[in-house]
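Some notes on the structure that comes next.
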Amino acid sequence: MASTVIGAGITIEGEITTDEDVVVAGTLRGRLSAKEGVTIEHGATVEADVVSGSLVVGGALTGNVTATERVDLQSGSRVIGNVKASRVTIADGAQFKGNVDMDV
Amino acid sequence: MATNVSVIGRTTRVRGRVTGDVDLQVSGFVEGDIAVGGDVTVDGPGIVGANVRGRRLVVRGAVKGDLVGEEAVLLEEGARVVGDVKAPRIAIAPGALVRGFVQTGEGDAAPARAPRAQAASRAAPKGAPAAIETRADKPAAHLSGANSAAPRRPPPPVVPALKKAKGQIAKKKER
Numbered sequence: 001m002a003s004t005v006i007g008a009g010i011t012i013e014g015e016i017t018t019d020e021d022v023v024v025a026g027t028l029r030g031r032l033s034a035k036e037g038v039t040i041e042h043g044a045t046v047e048a049d050v051v052s053g054s055l056v057v058g059g060a061l062t063g064n065v066t067a068t069e070r071v072d073l074q075s076g077s078r079v080i081g082n083v084k085a086s087r088v089t090i091a092d093g094a095q096f097k098g099n100v101d102m103d104v
Numbered sequence: 105m106a107t108n109v110s111v112i113g114r115t116t117r118v119r120g121r122v123t124g125d126v127d128l129q130v131s132g133f134v135e136g137d138i139a140v141g142g143d144v145t146v147d148g149p150g151i152v153g154a155n156v157r158g159r160r161l162v163v164r165g166a167v168k169g170d171l172v173g174e175e176a177v178l179l180e181e182g183a184r185v186v187g188d189v190k191a192p193r194i195a196i197a198p199g200a201l202v203r204g205f206v207q208t209g210e211g212d213a214a215p216a217r218a219p220r221a222q223a224a225s226r227a228a229p230k231g232a233p234a235a236i237e238t239r240a241d242k243p244a245a246h247l248s249g250a251n252s253a254a255p256r257r258p259p260p261p262v263v264p265a266l267k268k269a270k271g272q273i274a275k276k277k278e279r
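As given, the protein sequences belong to chains U and Z, one line each in that order.
Under this note's numbering, residue 104 is the last one in the first sequence; the count climbs by one each step, no gaps.
Under this note's numbering, residue 279 is the last one in the second sequence; the count climbs by one each step, no gaps.
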């Protein structure tokens with residue numbers, strides 16, 4: 001259960017820093033820095049650089065991603081930006097434009 | 105998933121504006137204006153360092169900034185508010201601390217005195233009295249609205265400034 005939820009209908013313009021899981025279902029512009037998992041749900045819009053433990057994207061993300069564990073781009077997601085993580089999956093049906101760096 | 109309620113969790117810090125038309129619960133730290141169409145709850149551990157606007161505001165944590173409720177503002181036990189409070193209905197429970205201009209009623213006219221300077225960028229509520237005191241550009245604020253609170257304020261910390269000034273004068277004499 002995520003402790004921080006940016007629900008649908010909420011817009012945050014600025015910087016978020018947290019030690020908890022974060023679920024974004026609304027809109028975020030700025031920067032997101034989390035130690036644990038970040039979920040960008042279907043219908044969410046994120047225009048921000050994201051630093052996290054793991055990242056699951058179902059919605060729209062524009063920005064560079066750095067994850068210490070893994071990044072999963074789900075079907076229906078739309079991601080523009082560079083992704084850096086040791087494990088990256090892109091599901092069939094995801095839209096993606098950017099560099100992938102798997103730390104090899 | 106129940107994402108119709110938005111939560112800023114305990115260890116989460118937000119620097120920036122939070123807007124929207126739904127409910128919001130703040131248990132963490134928000135440094136930036138909050139303006140939502142729904143209810144805003146600032147929980148016990150929550151700290152907000154800017155103005156808050158919403159339909160119903162329930163405060164159990166700390167707010168340094170103005171509170172504007174379209175329906176009501178409820179300051180419950182544990183609330184610490186430094187700023188103006190305005191809503192048709194305002195409740196201040198025993199154990200809530202408030203310092204600022206409080207106005208109930210429907211009228212949407214601004215509070216009588218000038219809008220407070222945005223000292224709210226520094227968020228720690230304990231630092232608030234000093235921040236208000238050092239507003240040298242608005243000396244009238246002490247005389248008009250906040251007169252009753254004035255005698256309880258601690259004297260301004262002038263001693264370090266004096267020492268520094270003496271030192272500078274001494275240096276000039278040496279030259």
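We put the CB at the ideal spot given by N, CA and C, even for glycine.
All of these numbers come straight from a predicted model, not from anything done at the bench.
- Segment contact: the segment 114-122 of chain Z against the segment 84-99 of chain U, fewer than three CB-CB distances shorter than 8 Å; contact not assigned.
- Here residue 3/U has 20 and 21 as same chain residues with Cβ atoms under 7 Å from its own Cβ, once five neighbours each way along the sequence are excluded.
- Look at the beta carbons and you see the segment 26-37 of chain U touching the segment 48-58 of chain U: at least three pairs across the two are nearer than 8 Å.
- Using beta-carbon distances, residue 111/Z counts as an interface residue toward chain U, with a partner under 7 Å.
- Boundaries cannot be given for residue 114/Z, as no beta strand (DSSP E) includes it and DSSP labels it neither H nor E.
- Taking a Cβ-Cβ threshold of 7 Å, none of the residues of chain U is close to residue 143/Z; the smallest such distance is about 13 Å.
- In terms of Cα proximity to residue 63/U, the closest of 84/U, 7/U, 23/U and 76/U is 84/U.
- Annotated three-state conformation of residue 133/Z is strand, per DSSP.
- Separation of residue 135/Z and residue 103/U (C-alpha to C-alpha, rounded to the nearest whole angstrom) is 35 Å.
- Between residue 185/Z and residue 179/Z a beta carbon distance of about 6 Å is seen, short of the 8 Å cut, so the two are scored as contacting.
- Listed in chain order, the positions of the segment 1-30 of chain U with a beta carbon within less than 7 Å of a beta carbon of chain Z are 3, 4, 5, 6, 7, 8, 9, 10, 11, 12, 13, 14, 15, 16, 17, 18, 19, 20, 23, 25, 26 and 30.
- If you draw a straight line from the Cα of residue 183/Z to the Cα of residue 199/Z, it comes to about 7 Å.
- Take residue 43/U, set aside five residues on each side of it, and the residues of its chain with a beta-carbon closer than 7 Å to its own are 8, 25 and 59, in chain order.
- With 16 or more neighbouring CB atoms inside 10 Å of its own CB, residue 153/Z falls in the buried class.
- Contacts between residue 116/Z and chain U, judged by CB atoms closer than 9 Å, involve 3, 4, 16, 17, 18, 19, 20, 22 and 34 in chain order.
- Per the DSSP secondary-structure output, residue 47/U pairs in a beta bridge with 29/U and 62/U.
- For the set 165/Z, 156/Z and 159/Z, the Cα lying nearest the Cα of residue 148/Z is the one of 165/Z.
- For residue 96/U, the enclosing beta strand (DSSP E) stretches over residues 95-97.
- With a contact defined as Cβ atoms closer than 8 Å, residue 159/Z and residue 175/Z qualify at about 5 Å.
- DSSP places residue 78/U in the uninterrupted beta strand (DSSP E) bounded by 78-80.
- Cβ neighbours of residue 70/U within its own chain (closer than 6 Å, five residues either side excluded): 54, 85 and 87.
- Scanning chain U for C-beta atoms nearer than 7 Å to the C-beta of residue 119/Z yields 14 and 15, reported in chain order.
- Within the segment 162-177 of chain Z, contact with chain U at the beta-carbon level (separation under 8 Å) is assigned to no residue.
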